[in-house]
């Protein structure tokens, strides 16, 4: 069984550097393989061997901007059956979700079926996003060196389903992260929280887009009382109208990129408002 994908480097009519293109393709292969193993086997596997039953195979290319078709090929029957039950469309949704997570970005809304798959992988999410992040550095090579954007697509019958677009800006989220030394307070609501990893997303009062968050010293140093405040806030705001939202007062440290944009808040202390 297979999932057909393509990688498009939006270079227009320009020729591109072969080394940078190959590193980008290598990164795409690594990202795809790691996520596939996680989704279908429930584990993170970074090293690949000749005997692997999940592989990425190159196909004939196409004209226009530089593009490369490739397949994720699954030879293990049980794993293939899981993909068949999940559907390729949901598989592509989940793949997209984890790439966005690895870049500290808010991705598209998930279908209920995709949410169920993601929920089942909560306990390996931290390990998975770290592994993906390593491969994304290669996948961004053509963007960082030549300023071309890169599209990764699922080639579903009749149309393409966009998985992710990478560019010079998304590259900053993995290559130029800066942890500030200035602690401050924010008022925010929790919109998502993984109790296994301590990571999630929050919405700062007055802002329109959510931001990634985690705990500065890791989840094992967080008290049960603080964790309960996070989960209670999430549960409460799921039931409340927008004008009735309940905010938390959070002491945080910023994880920023070189232009000063905050991509993740590292929580030091949780309190109510």
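In the working numbering, the protein residues as written are 49 to 321.
By construction, the Cβ of each residue, glycine as well, lies at the ideal position given by its N, Cα and C atoms.
### Task
Please report how far the alpha carbon of residue 236 lies from the alpha carbon of residue 127, in whole angstroms.
41 Å
### Task
Could you tell me if residue 288 is buried or exposed, where buried requires 16 or more neighbouring beta carbons within 10 angstroms of its beta carbon?
exposed
### Query
Nearest CA to the CA of residue 246: which residue from 221, 275, 219?
275
### Task
Indicate whether residue 187 and residue 300 have their beta-carbon atoms separated by less than 8 Å.
no
### Query
Can you find at least 3 beta carbon pairs, one from the region 52-64 and one from the region 113-123, that sit closer than 8 Å?
yes
### Query
Taking the Cβ atom as the reference point for each residue, do residue 170 and residue 242 lie within a distance shorter than 8 Å?
yes
### Cβ-Cβ distance between residue 221 and residue 151 below 8 Å
yes
### Task
Would you grab the beta carbon distance between residue 211 and residue 238 for me? Rounded to a whole angstrom, and I think it's under 8 Å.
Their Cβ separation, rounded to whole angstroms, is 27 Å, which puts residue 211 and residue 238 out of contact at 8 Å.
### Message
Going by DSSP in three states, residue 206 sits in which element: helix, strand or coil?
### Response
coil
### Query
Would you call residue 164 buried or exposed, if buried means 16 or more other Cβ atoms sit within 10 Å of its Cβ?
exposed
### Simplified DSSP assignment, three categories, for residue 266
coil
### Message
Just to check my reading of the structure: residue 175 and residue 244 have Cβ atoms closer than 8 Å, yes? What is that Cβ distance to the nearest angstrom?
### Response
So it is not a contact: roughly 10 Å between Cβ atoms.
### Task
Determine the closest residue to residue 70 out of 84, 198, 207, with distance taken between C-alpha atoms.
198
### Query
Should residue 260 go down as buried or exposed, given a rule of 16 or more other Cβ atoms within 10 Å for buried?
buried
### Task
Measure the C-alpha to C-alpha separation of residue 177 and residue 89 and round it to an integer number of angstroms.
16 Å
### Task
Assuming residue 226 and residue 137 form a contact by the criterion Cβ under 8 Å, report the distance between their Cβ atoms to the nearest whole angstrom.
The Cβ separation is near 37 Å, so there is no contact.
#### Entry: residue 114 - containing beta strand (DSSP E), residue span
114-122
### Task
Rounded to whole angstroms, what's the CA-CA distance from residue 140 to residue 290? Just pull it up for me.
31 Å
### Query
What does DSSP give as the partner residues of residue 313 in its beta bridges?
261, 302
### Task
Taking residue 181 as part of the alpha helix (DSSP H), name the residues at either end of that continuous run.
173-187
#### Entry: Beta carbon of residue 264 nearer than 8 Å to that of residue 316
yes
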